[in-house]
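Notes follow the structure.
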Amino acid sequence: MATTHETHSLEKKRSSSERFENAEAPKYDHDHVASVDAELGGSWDKTFAKKTIRHVDRRVLPILAALYAISLIDRTNTSNAYVAGAARDLGLTIGNRYTLVTLMFFVPYIIFELPSNIVVRKVGPRMLLGTITVAWGIVMLGMGFVEHWWQLVICRALLGFLESGFFPCAAWLVSAWYIRREVQKRMTAFYMLSVVIGGFSSAIAGGISELKGKRGLNGWRWIFIIEGAVTIVLGLSAFFLVQDFPEKNQFLSEEETKFVIERLERDRGDVEVDPWTMKKFLSYCATPKLWGFAVLFGASTTCSYAFAYFLPIILLGMGYTELNAQLLSAPPYFTSIFFAFGLAWVGDKYIIRAPIIMVQATIGIIGLSMTAFHSSHGVRYAGVFLGLAGANANVASVLGYMQNNIVGQTKRAFTSALVIGFGGIGGIIASTVFRSKDAPKYRPGLWVTIGANLLVIILCAIMSFAFNWRNKQVRAGKGKPIEGKVGFYYTI
């Protein structure tokens, strides 16, 4: 016998199906995405539309930002632990031990990205994100009690396996709720709020490390224990606060749900889930632009992970004390949010993506060059502000660029997993190019991150040329419709 919840769910699905059957075929007029009709969803009352979108913002974004913030803190707090005494206690300065500790996170993280995005449609975002967050919180707490460096390596591998399901699911969920013109600001809000909160982790870790000696534990152990406990609490809250995909949501009224689904259908026509097949999988693997987005994201995360893992250590090499190195890591993250939101607003207002990414990469190059080659510690630290602003802003911008130019639930799920998997490769690169023997200036690592930004600029230029050429072809009536949708054009 069906439960009340199951009956309600079935009725809701039938209602949704009936609406689609009785509705007119969606019109993909993407030359006018900026129009009120495409932006607000046809003939709906403007006040009602804005109120509904704000309601979605409040219910979808904050909890995802909080969960991703703790995810970033947990995956990058090894640098804080290193500075707070783990390097000495676990012998992390010997050979490549610290590199292995940071590196091992990304091996399972990359491997299990795609399977997690397949699972999320079956179990739902709430169940998946809540379960894996609690689980990795337990692992994080356990890291506070390791006695040997190789035990830390094992814990980091477990952490990578569990966190692999979070970011692709969250990015897909955010994109599933908004039309293309809105994605850049929302993706930036979700990502940058997480990064800024995570950026203060160094300052928080500096305060936690002052607990050294309490209950016979060193400061770095308290960092893992306390941050692990906070993760578990946030994971438990996810079971109540994380929302499902639009067609299965439980927080909007029927009229609000109809509005959200209608505007998504008008914008890209992919609300209904298309099934996974091997033919589709092979087709996606053979699509060059998906790999282009993946390389863009990998190059961007190479820079962001480099700062996340090594900024406190680089500052320590400038002569700052352990506590000051932790505290000075926070301000660049805080200021980067204004830079990212400013350019995200420009990107959504004028519906441009690649030029914004190229500008941010250029600013990143300027900042990294200051940090790498100037003799003044003050100028090198100022370079961190610019380098970090460009790096973190581009992580969100590349995701928005990708989501704007992909149609279809399974294709976006595949692309999210592929792209974020390459983000893991960026993390591996960042983990290996900053070597202890290159202290205190770490120039080889900084050269690699400068090169990654150059790659972003070059690849963006190539993809923009290709996308613009395809748009012109389709407008001239030549070739097949882009993404199989009549009237769909690439967002450049």
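For the sequence shown, the positions run 1 to 492 when the UniProt record's numbering is used.
Beta carbons are placed, not taken as given, at the ideal position from N, Cα and C, and that holds for glycine.
Every value quoted in this text rests on a predicted model; they were computed, and no experiment measured them.
Provide the residue span of the alpha helix (DSSP H) that contains residue i, from first to last.
{"i": "residue 55", "result": "46-76"}
{"i": "residue 201", "result": "201-209"}
{"i": "residue 117", "result": "113-123"}
{"i": "residue 308", "result": "288-317"}
{"i": "residue 262", "result": "254-267"}
{"i": "residue 482", "result": "Here residue 482 belongs to no alpha helix (DSSP H), and DSSP marks it neither H nor E."}
{"i": "residue 276", "result": "Run containing residue 276: none; DSSP gives neither H nor E here."}
{"i": "residue 387", "result": "377-404"}
{"i": "residue 320", "result": "No alpha helix (DSSP H) holds residue 320; DSSP gives it neither H nor E."}
{"i": "residue 371", "result": "354-373"}
{"i": "residue 336", "result": "330-350"}
Determine the burial state of residue i: buried for a count of at least 16 other Cβ atoms within 10 Å of its Cβ, exposed for fewer.
{"i": "residue 397", "result": "buried"}
{"i": "residue 246", "result": "buried"}
{"i": "residue 516", "result": "Beyond the ends of the chain as shown, which are 1 and 492, falls residue 516; an answer cannot be given."}
{"i": "residue 215", "result": "exposed"}
{"i": "residue 350", "result": "exposed"}
{"i": "residue 180", "result": "buried"}
{"i": "residue 403", "result": "buried"}
{"i": "residue 375", "result": "exposed"}
{"i": "residue 321", "result": "exposed"}
{"i": "residue 387", "result": "buried"}
{"i": "residue 467", "result": "buried"}
{"i": "residue 104", "result": "buried"}
{"i": "residue 219", "result": "buried"}
{"i": "residue 58", "result": "exposed"}
{"i": "residue 224", "result": "buried"}
{"i": "residue 277", "result": "exposed"}
{"i": "residue 136", "result": "buried"}
{"i": "residue 262", "result": "buried"}
{"i": "residue 348", "result": "buried"}
{"i": "residue 155", "result": "buried"}
In chain order, what residues of the same chain have a beta carbon less than 8 Å from the beta carbon of residue i, not counting five sequence neighbours either side?
{"i": "residue 389", "result": "332, 335, 336, 339, 340, 360, 363, 364 and 367"}
{"i": "residue 420", "result": "113, 167, 168, 171 and 297"}
Consult DSSP for residue i and reduce its assignment to one of helix, strand or coil.
{"i": "residue 474", "result": "helix"}
{"i": "residue 415", "result": "helix"}
{"i": "residue 159", "result": "helix"}
{"i": "residue 281", "result": "helix"}
{"i": "residue 96", "result": "coil"}
{"i": "residue 28", "result": "Low confidence applies here, because residue 28 scores a pLDDT of 36, under 50, leaving its location unreliable and the question unanswered by this model."}
{"i": "residue 239", "result": "helix"}
{"i": "residue 43", "result": "coil"}
{"i": "residue 438", "result": "helix"}
{"i": "residue 12", "result": "Per-residue confidence for residue 12 stands at a pLDDT of 42, beneath the threshold of 50, marking its modelled position as unreliable; no derived number is given."}
{"i": "residue 82", "result": "helix"}
{"i": "residue 431", "result": "helix"}
{"i": "residue 490", "result": "coil"}
{"i": "residue 170", "result": "helix"}
{"i": "residue 244", "result": "coil"}
{"i": "residue 185", "result": "helix"}
{"i": "residue 127", "result": "helix"}
{"i": "residue 175", "result": "helix"}
Please list, in chain order, all residues of the same chain as residue i whose beta carbon is under 7 Å from its beta carbon, the five residues on each side excluded.
{"i": "residue 473", "result": "479"}
{"i": "residue 97", "result": "91 and 149"}
{"i": "residue 464", "result": "354 and 492"}
{"i": "residue 471", "result": "489 and 490"}
{"i": "residue 274", "result": "408, 409 and 410"}
{"i": "residue 437", "result": "none"}
{"i": "residue 183", "result": "175, 400, 403 and 404"}
{"i": "residue 186", "result": "61, 174 and 178"}
{"i": "residue 379", "result": "370"}
{"i": "residue 70", "result": "230, 231 and 234"}
{"i": "residue 455", "result": "299"}
Less than 6 Å between C-beta atoms, sequence neighbours within five positions excluded: which residues of the same chain meet that for residue i?
{"i": "residue 330", "result": "199, 200, 202 and 203"}
{"i": "residue 452", "result": "299, 302 and 303"}
{"i": "residue 445", "result": "433 and 434"}
{"i": "residue 439", "result": "317"}
So with Cβ pairs under 8 Å, would you call residue i a contact of chain B?
{"i": "residue 149", "result": "In the structure shown, chain B cannot be found, because there is only a single protein chain."}
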